[in-house]
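Each number in this note's numbering corresponds to the 1-based position in the sequence shown with 30 added. Every residue, glycine too, gets a C-beta built ideally from N, C-alpha and C. Shown next, in structure tokens, is the structure this report addresses.
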Amino acid sequence: SPPTTLKSVHLFLTKAESKPVSDEFYRSEIIQGDLTSDALEHMSRVAVEVYLPLLTNEKNQDQWSEMVAKDVTETFSEFVANVQITQGNILGTTTLPLPPQ
Numbered sequence: 031s032p033p034t035t036l037k038s039v040h041l042f043l044t045k046a047e048s049k050p051v052s053d054e055f056y057r058s059e060i061i062q063g064d065l066t067s068d069a070l071e072h073m074s075r076v077a078v079e080v081y082l083p084l085l086t087n088e089k090n091q092d093q094w095s096e097m098v099a100k101d102v103t104e105t106f107s108e109f110v111a112n113v114q115i116t117q118g119n120i121l122g123t124t125t126l127p128l129p130p131q
């Protein structure tokens, strides 16, 4: 099981699919990443600074209907708000989510 607290950055490896890893294609079958001591803060920042701009960019929504674009944006904004509220709960404070810019 993963450690409950992290004191520095930790590397993680996980299989992309639940099948044996091959010698030939292991680079695409294994996902690697790192976790900081505050994984929730990291996830929040990546969501707001990377994924939100990608999802709300009109060029990326060309093939979407207006209803789908609105639903994706609202659902993702709700996810980000819940992450911010959870961060506040962990710190023992009341946190009001910031609206997306």
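Please classify F109: does DSSP put it in a helix, a strand, or coil? helix
**Asked** What's the C-alpha gap between E108 and N87?
**Response** 18 Å
Query - Close beta carbons around V102, own chain, < 7 Å, minus the five adjacent residues each side - result: L85
Whether L65 touches V39 by CB criterion (8 Å): yes
- CB-CB under 6 Å to H72, same chain, minus the five flanking residues each way: which ones, in chain order? T66
Straight-line gap, V113 to P127 (C-alpha atoms, nearest Å) = Using only the alpha carbons, I get a separation of about 9 Å.
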